[in-house]
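Sequence lines, in order, name chains W and A. Sequential numbering from 1 applies to the first sequence in this note's numbering. Sequential numbering from 216 applies to the second sequence in this note's numbering. Heads up, the beta-carbon is just placed ideally off N, CA and C, and yes, glycines get one too. Here the structure is a predicted model, which means the values were calculated and not measured. Some notes on the structure that comes next.
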Amino acid sequence: MNIFRLAGDMTHLASVLVLLLKIHTIKSCAGISLKTQELYALVFATRYLDIFTNYISFYNTIMKLIFLGSSFSIVWYIKRHKIVHRSYDKDQDTFRHWFIVLPCLVLALLINERFTFKEVMWTFSLYLEAVAILPQLVLLQRTRNIDNLTGQYVFLLGAYRALYILNWIYRYFTEDHYIHWITWIAGLVQTLLYADFFYYYFQSWKNNAKLELPA
Amino acid sequence: EKDQAPKDEL
């Protein structure tokens with residue numbers, strides 16, 4: 001494992017911890033898109049189908065369990081926790097799951113490395129992860145006061161993707177393998193979706209102003 | 216001889 005991959009994983013982990021901190025400690029999910037969280041739960045459920053059959057490392061298994069457990073518990077918190085649920089911006093979080101899930105499923109059935117159930121599900125999870133942030137970005141744009149934790153959560157998620165690209169570039173030059181093109185392209189699309197957010201995030205940071213995305 | 220990269224990422 002290289003430094004970019006480790007930094008990417010740690011940033012991903014930090015994003016989850018920031019979100020759990022907001023939900024568990026402040027008991028608020030204001031500004032957080034349940035749609036995006038449900039899509040992430042689906043991403044991990046379909047990607048880690050081989051978690052118990054294909055052992056890679058202790059680190060790998062633990063991280064998979066953390067991402068599975070945290071994504072499903074975040075969804076549970078927003079939907080079922082009495083106090084947390086009250087802060088959910090239901091009327092603003094209007095993105096339709098099916099507009100995202102269906103095209104990803106069709107694309108995974110058409111473009112994959114091998115036409116087997118596990119392989120198609122793995123490919124589907126990559127396509128879905130690439131666009132799962134969209135409901136969250138739409139919600140951010142509609143939110144007048146984006147609180148610090150929500151801004152940091154999205155920033156950390158974007159940073160995680162950017163670090164993964166550096167990791168792939170590093171692996172390309174240091175390892176002798178064929179490239180998983182699907183992973184690269186889906187990952188690149190995913191990172192580009194954050195470009196606009198990054199721009200306004202750094203602007204607000206530079207000017208010491210509150211983060212706000214223009215409609 | 217190149218082979219497929221292992222799926223060892225998260």
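- Tyrosine 88 of chain W sits in coil when the DSSP states are folded into three classes, being neither helix nor strand.
- For the region 53-67 of chain W, the beta-carbon criterion of a distance under 7 angstroms to any beta-carbon of chain A is satisfied by Ile56, Asn60, Met63, Lys64, Phe67.
- Bridge partners of tyrosine 178 of chain W according to DSSP: A:Gln219.
- Lysine 79 of chain W carries a helical assignment under DSSP once its states are collapsed to helix, strand and coil.
- With respect to chain A, the C-beta atom of aspartate 176 of chain W has a partner C-beta closer than 8 angstroms.
- Around threonine 183 of chain W, the same chain offers Leu126 as residues with beta carbons nearer than 7 angstroms, after the five sequence neighbours per side are excluded.
- Spanning the alpha carbons of serine 87 of chain W and glutamine 37 of chain W requires a straight line of approximately 15 angstroms.
- Judged by beta-carbon spacing, alanine 41 of chain W lies within the 8 angstroms limit of serine 71 of chain W, meaning their Cβ atoms are closer than that value.
- In the three-state scheme derived from DSSP, where H, G and I count as helix and E and B as strand, methionine 1 of chain W is classed as coil.
- Flagged as an interface residue toward chain A: histidine 180 of chain W, by a C-beta distance shorter than 8 angstroms.
- A residue is called buried when at least 16 other Cβ atoms come within 10 angstroms of its Cβ; alanine 215 of chain W does not meet this threshold and is exposed.
- Of W:Gln203, W:Gly69, W:Tyr178, the smallest CA-CA separation from alanine 220 of chain A is found for W:Tyr178.
- Glycine 151 of chain W carries a helical assignment under DSSP once its states are collapsed to helix, strand and coil.
- Closer than 8 angstroms to the CB of aspartate 9 of chain W there is at least one CB belonging to chain A.
- As the crow flies, the alpha-carbon of phenylalanine 115 of chain W is around 10 angstroms from that of methionine 121 of chain W.
- Contact check for leucine 157 of chain W against glutamine 92 of chain W fails: the beta carbons are separated by 8 angstroms or more.
- Excluding its 5 nearest sequence neighbours in each direction, phenylalanine 67 of chain W has C-beta neighbours in its own chain below 6 angstroms: Phe44, listed in chain order.
- It is roughly 34 angstroms from the alpha-carbon of leucine 166 of chain W to the alpha-carbon of arginine 144 of chain W.
- Secondary structure of glycine 31 of chain W (DSSP, three-state): coil.
- Counted as a single uninterrupted DSSP element, the stretch harbouring tyrosine 48 of chain W is not any alpha helix (DSSP H), since DSSP gives it neither H nor E.
- In this structure, DSSP gives alanine 209 of chain W a state outside helix and strand, which the three-state scheme calls coil.
- Counting only residues of its own chain and dropping the five nearest sequence neighbours on each side, lysine 210 of chain W has a CB closer than 8 angstroms to the CB of Asn145, Ile146, Ser204.
- Inclusion of isoleucine 100 of chain W and leucine 34 of chain W in the CB contact set at 8 angstroms is not warranted, their separation being larger than that value.
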